[in-house]
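Enquirer: Handing you this structure, nothing more for now.
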Amino acid sequence: MTIAVYARSTKENDPKYIEQIHGFLKNSKINLIVYQPYYKYLQETYNFQLALTTYSTSEDLISKADYVISLGGDGTMLETLALIRKTGIPVLGVNTGRLGFLASVNKTELKQALNKLVKERFTLDKRELIELTGCNDCFNGVNYALNEFSIHKKDSSAMISIDTYIDGVFLNSYFADGLIVATPTGSTAYSLSCGGPIMIPDSENFIITPIAPHNLNVRPIIISNNKQISFKIMGRSDSFNISLDSRSAQVPASIELTVKRADFRFNMVNLEGQHFFTTLRNKMMWGIDKRH
Numbered sequence: 003m004t005i006a007v008y009a010r011s012t013k014e015n016d017p018k019y020i021e022q023i024h025g026f027l028k029n030s031k032i033n034l035i036v037y038q039p040y041y042k043y044l045q046e047t048y049n050f051q052l053a054l055t056t057y058s059t060s061e062d063l064i065s066k067a068d069y070v071i072s073l074g075g076d077g078t079m080l081e082t083l084a085l086i087r088k089t090g091i092p093v094l095g096v097n098t099g100r101l102g103f104l105a106s107v108n109k110t111e112l113k114q115a116l117n118k119l120v121k122e123r124f125t126l127d128k129r130e131l132i133e134l135t136g137c138n139d140c141f142n143g144v145n146y147a148l149n150e151f152s153i154h155k156k157d158s159s160a161m162i163s164i165d166t167y168i169d170g171v172f173l174n175s176y177f178a179d180g181l182i183v184a185t186p187t188g189s190t191a192y193s194l195s196c197g198g199p200i201m202i203p204d205s206e207n208f209i210i211t212p213i214a215p216h217n218l219n220v221r222p223i224i225i226s227n228n229k230q231i232s233f234k235i236m237g238r239s240d241s242f243n244i245s246l247d248s249r250s251a252q253v254p255a256s257i258e259l260t261v262k263r264a265d266f267r268f269n270m271v272n273l274e275g276q277h278f279f280t281t282l283r284n285k286m287m288w289g290i291d292k293r294h
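Going left to right, the sequence shown walks through residues 3 to 294 as the working numbering numbers them.
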């Protein structure tokens with residue numbers, strides 16, 4: 003078995019975590035490979051002396067890894083999708099950052115999490131993805147997201163108009179700063195900040211959430227994720243911004259975009275004892291009441 007570690011080069015991911023992972027896996031006779039830019043950061047910043055095998059590309063990771071440990075926060079977790087792509091390699095998120103809603107394993111529980119992982123005391127949480135068509139070159143072929151697809155105005159002043167269609171049938175013209183199409187996983191992310199509802203992860207739906215709409219009667223709407231959602235964008239600018247999770251691109255105003263459910267899923271490791279509702283209460287303080 004080979005386990006890969008992906009992490010950003012930040013002070014939150016100091017050497018103690020990788021040392022702990024290395025020591026545990028070595029005792030368990032399991033191979034470890036580490037993201038090369040992160041390994042270089044440890045060497046240059048902390049004079050890190052431990053000799054480790056590294057990988058630097060998606061192809062390198064896919065050919066070697068059975069599991070990936072995402073060391074960081076939710077943003078780091080989202081970045082692993084671009085590395086593992088459509089392979090379905092399971093990902094365990096260990097939170098060394100702030101909220102850690104997706105990366106739900108606390109850094110203080112790292113050893114216990116590793117023990118459960120190698121003993122296969124977990125289930126796979128198969129998360130639906132959203133896929134973009136109409137701009138295949140915008141994201142270097144990684145035209146899918148775990149949380150959301152979004153459209154944004156380029157300029158800070160003028161609103162944009164987004165004509166939206168469901169399976170070719172006109173839904174609405176959104177006059178707003180932008181629009182979000184969120185997966186159930188993304189319902190607790192950007193969409194939530196814009197007034198969207200929370201959905202449990204295995205819901206087979208999308209949420210269409212406007213960003214700062216100039217209309218009192220426009221609210222988020224939930225639709226089945228077997229629908230295709232298309233957009234025509236208009237405004238004063240000749241281009242607009244789009245994003246898939248944390249990755250962004252600029253597109254011309256003439257473009258027509260469509261999103262749909264991807265034909266593969268993102269496999270999150272759900273360790274024994276973990277549950278979405280527990281994470282929702284603990285991380286989001288959902289349902290917290292001083293009377294309890």
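Glycine residues also receive a C-beta, built at the ideal position from the N, C-alpha and C atoms. Keep in mind it's a predicted model, so treat the numbers as computed, not measured.
For Ala255, which residues from the same chain have a beta carbon less than 8 Å from its beta carbon, with the 5 sequence-adjacent residues on both sides left out?
Expert: Here residue 255 is taken as the residue at index 253 of the sequence shown, counted from 1. A distance below 8 Å between beta-carbons, with the five flanking residues on each side excluded, links Ala255 to the following residues of its chain, in chain order: Ile235, Met236, Gly237, Ser239, Asp240, Ser241 and Phe242.
Enquirer: Could I get the ranges of all uninterrupted alpha helix (DSSP H) runs contained in the stretch 44-105, with 4 residues as the minimum, in chain order?
Expert: You should have 60-66 and 76-86.
Enquirer: Between Leu104 and the rest of its own chain, which residues show a CB-CB distance below 6 Å, the 5 nearest in sequence each way excluded?
Expert: Locating residue 104 in the sequence shown gives position 102, where the first residue counts as 1. So the qualifying residues of the chain are Asp76, Met79 and Gly95.
Enquirer: So Ile162 and Ala184 are supposed to be a Cβ contact under 8 Å. How far apart are they, rounded?
Expert: Taking the sequence shown and counting its residues from 1, one reaches residue 162 at position 160. Taking the sequence shown and counting its residues from 1, one reaches residue 184 at position 182. The Cβ separation is near 19 Å, so there is no contact.
Enquirer: Measuring CA to CA, which of Pro212, Leu218, Glu46 and Tyr69 is closest to Ile224?
Expert: Position 222 of the sequence shown, counted from the start, is the residue given in the question as residue 224. Nearest option by C-alpha distance: Pro212.
Enquirer: Using a threshold of 7 Å, state whether the C-beta atoms of Val36 and Val70 are closer than that.
Expert: Counting from 1 along the sequence shown, the entry for residue 36 is found at position 34. Counting from 1 along the sequence shown, the entry for residue 70 is found at position 68. No; because the gap between Cβ atoms is not below 7 Å, this pair is not in contact.
Enquirer: Please confirm if the stretch 105-114 is in contact with the stretch 17-29, defined as three or more CB-CB distances below 8 Å between the two stretches.
Expert: With a cut-off of 8 Å, the stretch 17-29 and the stretch 105-114 count as touching, because enough Cβ pairs lie within range.
Enquirer: Figure out for me which residue from Leu101, Asn138, Lys121 and Ile168 has the closest Cα to the Cα of Arg283.
Expert: Stepping through the sequence shown from its first residue, residue 283 is reached at position 281. Of the listed residues, the one whose Cα sits closest to Arg283 is Leu101.
Enquirer: Please state the DSSP three-state secondary structure of Val171.
Expert: Stepping through the sequence shown from its first residue, residue 171 is reached at position 169. In the structure shown, Val171 sits in a strand (DSSP, three-state: E or B).
Enquirer: To the nearest angstrom, how far is it from the Cα of Asp204 to the Cα of Asp139?
Expert: The residue labelled residue 204 in the question sits at position 202 within the sequence shown. The residue labelled residue 139 in the question sits at position 137 within the sequence shown. Whole-angstrom Cα-Cα distance: 30 Å.
Enquirer: Where does Pro212 sit, in a helix, a strand or coil, going by DSSP?
Expert: Against the sequence shown, residue 212 aligns to sequence position 210. Here Pro212 sits in strand by DSSP.
Enquirer: Assuming Asp16 contacts Tyr48 (C-beta within less than 8 Å), just tell me the rounded distance between them.
Expert: In the sequence shown, the residue the question calls residue 16 occupies position 14. In the sequence shown, the residue the question calls residue 48 occupies position 46. Sure, about 7 Å apart at Cβ, within 8 Å.
Enquirer: Which value, in whole angstroms, describes the spacing of the CA atoms of Gln270 and Lys118?
Expert: The residue you call residue 270 lines up with position 268 of the sequence shown. The residue you call residue 118 lines up with position 116 of the sequence shown. One detail in the question is off: residue 270 reads as Met in this sequence, not Gln. Taking the straight line from one Cα to the other gives about 14 Å.
Enquirer: Which residue spans inside the stretch 172-206 form an unbroken alpha helix (DSSP H) run of at least 4?
Expert: Given a length threshold of 4 residues, each whole run of the alpha helix (DSSP H) inside the stretch 172-206 is given here in chain order: 192-195.
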